[in-house]
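Numbering-wise, the sequence shown is residues 303 to 1017 according to this note's numbering. Idealized CB from N, CA, C, for every residue including glycine. All values derive from a computational prediction rather than experimental measurement. In what follows, a single structure is set out as structure tokens and then discussed.
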Amino acid sequence: MIVLTMCRRVLRKVVRLTFISEHLRRHRGLQNNGVRPPAGLPRRQTTLMMTVLIAYAATCALLALAHQLHSRRGLAIYLPMFRFTTTDANVFNDSSLDQDVPDGCDEKEVSRVTRLLTSSLNMTVDPCKDFHSYVCSGFKGIVQTSLLDDMETNVTTSISSFFHHITRGVERSSLPEALKKAVEFYASCVKPVHTNGRTHALASFFKEQDFSFHTKIIGFLETTLELQLRLGLQIFFTLVMDPYPRFQETARYVYLRSSRIFEEWKRARKVLLRSGSYARYASAVILATGFDEKGTSDLIRRVWYVESKLMSRSIKPKSVLNGKKLVAKWKELLHQYSRGALMGTYQLSLQSRPSVFFHQMMFKANDAEQSLYLTWEVARHLVSASGFAELGSNSDRRAYCFDTTYAFYGPAISAALLFPFVNNSRLEQVRRMVRTLASEVYESIEDSDWVLPETKAKLATKLRLVTWKLGYDRNLGNWSGLSHYYENYPIASGIFLTDFVNTNAAHVLKFFELKRHLRELDFSFKSDVVGAFYEGPNVLVIPAASMLSPLFNYGASPAINYGFLGSVIMQNLMRAFGHNNMLTDGFGSPISWFPEERADFEDRYQCDRTSEVRDSEVDPLAGVSVGAQAFFRAYKRASAARGNRSCALPGLEGLTSDQVFFVSRCLLRCQDVQDTTDGIHLEDHTCNLMAKHSAEFANAFNCPIDHSNVLCDVW
């Protein structure tokens, strides 16, 4: 930044001196009746100074350009932006899902990914000695961001940009029904807040729901749960339902988590009180409910008093309901307001901090105070959502509206970008990859000579029974499925508060509808996430966004596709056999290990775990070498089946297919550097461990094999 500031000063000086020089030249010319003045020493000094400054300015311009490129950190400058110059109607037609690429290869995608690879390589480094530097130091510095993270940011930005393009320039009648509802909801959100004189739409809502600052509610807990489970309003907390049973348990849990909106309000409240703006904000909220302006000041004081009391840690609850009675009351209300979807096989946990805070708050206040405060929180929540009274200055309403719209209509919004790229043909190529990987791992299990036969049989069965969820949520892989999914969501009226409440209610109804049909997991499937994820019980998810370039390239060489997406899939597939997952078949039946056998397995599984700097403590990823031999065989098998039908790899002609495979694998992990800022890379970096522990790597790069090294692999 300092260099650029100096450059700007120099450039200004160059312009100034140029102007002065030209002015003096003309002035002297006029004094000599137009005769050119003699070129003496002062003129040469001026010329020399100008030359030096111009050269310096040119250097600064190059530095500025370099800074601009560097500001796009990591690998992001090499990633494609998925943009449409025109909105082809075919984008919104299910026929786009069946289109194939001519000759079975997308040359644009392949050229982009080869540019990424060629830009990363530093051919001056010996790959046998430091494979990480060989692959990752071609960028003129250490890559500090993950390819997966950069790619997800890129996808998210592209989805947002394309949606805003649709909202501005597309005839809405041509849109699929689900996307049309999303666009109408967004348009309702960004338009000016609907008011009629001083009456806000909230007044109508309060009247319809029989809410008022003058009336008492019937039960603090009852009303709070009804608002959440019927209208989707997370006033004090968020109810969370485990998607799967917890480890070695058959039941799932319902528990309380902090409400983001309520936590934000607790922080904002302190700011408002310090700045003296609390009363003004509270007045705007209260008046929006239709409350008489004459009594506003007194009501603000009462709200402030009750809120201060409930949030104070020094004031202890006067009484606490018996634990068993409290749990029984919760279960009864959850069953009632979920329309029978809860409790069933769920267990209730009230031990979280948000749960303790809520119950303390509930028992600190009497009935009148509970009614007042809950009414205030509902009003504040909805006024904030509608944009009538903002917390903070210069809030980005469009960003808020997009985020809110995406929370409800995410599958439809992302489909507008994903469907044309991740179509049935691409999904089929990924399916073939999955089958090949699983087949080779299965063969490795069958051929292993150190696992007991009964254990081997259970591991092989677990692998066969993995549920693969590829691309899109069930029934949401086409526009007709999306339209059916959103058929009961309302069409926006243009009054955003009404649209927000009604869409929230429809969203909750859809969740419980799916839950009753044992499909609640479909509700949380994210097709716009990049990566692969092993989830219990025995499910491996590969979202559609993971199948975009450069992670997966249509018709490209298996060396690239297996090196990138295959690496991500394989490492997550290995999670099925590690940590707690090694103790169960994924369906509740235990896998019994003899102590020596289990110790041997864990040693192999954690052989190169020192390379992992981003592991989860609960369910860590396998080391990069786990399953590596089966993985390499799968890639070679796919290459043999593909033959010569892959795209050419411009710029990589000097590398063999096996070398490209290992380079692709390493490029995924370039950012995996611990406390290394001087360009000297650690010996135990992921890429170097992958190279050190692989005989296949040594053969590919003609490296000497150190037979004293343990070539680690599970099978």
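{"Asked": "Alpha-carbon to alpha-carbon, F814 and P852", "Found": "38 Å"}
{"Asked": "Identity of the residue in E904, L481, C703, D451 nearest F721 by Cα", "Found": "L481"}
{"Asked": "Burial state of S476, where buried means 16 or more other Cβ atoms lie within 10 Å", "Found": "exposed"}
{"Asked": "Spatially closest choice to A586 from F690, V736, P656, by CA coordinates", "Found": "F690"}
{"Asked": "Rounded straight-line distance, which links the Cα of M876 to that of S614", "Found": "49 Å"}
{"Asked": "Validate contact between the stretch 700-715 and the stretch 773-793 using beta carbons, cut 8 Å, 3 pairs", "Found": "yes"}
{"Asked": "Among Q961, C989, T958, nearest to Q973 - alpha-carbon criterion", "Found": "C989"}
{"Asked": "With 16 other Cβ atoms within 10 Å as the buried cut-off, status of Y607", "Found": "exposed"}
{"Asked": "Q908, DSSP secondary structure in three states", "Found": "coil"}
{"Asked": "Contact under 8 Å by Cβ, L772 with L811", "Found": "no"}
{"Asked": "Below-8 Å beta-carbon distance, L816 vs any chain B residue", "Found": "Here there is only one protein chain, and chain B is not present."}
{"Asked": "F1022, buried or exposed, once every other Cβ within 10 Å from all chains shown has been counted against 16", "Found": "Nothing about residue 1022 can be read from this structure; the chain reaches only from 303 to 1017."}
{"Asked": "Of the listed residues T447, M884, E411, nearest to K758 (C-alpha basis)", "Found": "M884"}
{"Asked": "At least three beta-carbon pairs within less than 8 Å, the stretch 571-578 to the stretch 672-689", "Found": "no"}
{"Asked": "Cβ pair W632, L652 closer than 8 Å", "Found": "yes"}
{"Asked": "Beta-carbon gap between F854 and V732 smaller than 8 Å", "Found": "yes"}
{"Asked": "Unbroken beta strand (DSSP E) run spanning Y836, endpoints", "Found": "835-837"}
{"Asked": "Contact under 8 Å by Cβ, S688 with L523", "Found": "no"}
{"Asked": "Assigned exposure category for P429 - 16 Cβ within 10 Å defines buried", "Found": "buried"}
{"Asked": "Buried or exposed (CB count within 10 angstroms, at least 16 for buried), A681", "Found": "buried"}
{"Asked": "Whole-number beta carbon distance between F1003 and A861, since they are thought to touch under 8 Å", "Found": "Actually they are not in contact, since the Cβ atoms of A861 and F1003 sit about 14 Å apart, beyond 8 Å."}
{"Asked": "Local conformation of Q873 per DSSP, three classes", "Found": "helix"}
{"Asked": "DSSP three-state assignment for S422, whether helix, strand or coil", "Found": "helix"}
{"Asked": "When N840, C1005, I588, E473 are compared against P547, the one with the closest alpha-carbon", "Found": "N840"}
{"Asked": "The stretch 799-808 touching the stretch 749-764, judged by at least three CB pairs closer than 8 Å", "Found": "no"}
{"Asked": "Identity of the residue in V629, E955, R734 nearest S413 by Cα", "Found": "E955"}
{"Asked": "Per-residue DSSP class, three states only, for Y788", "Found": "coil"}
{"Asked": "Proximity winner among R935, S941, P952, relative to S996 (alpha-carbon distances)", "Found": "R935"}
{"Asked": "At least 3 beta-carbon pairs within less than 8 Å: the stretch 891-910 vs the stretch 737-747", "Found": "no"}
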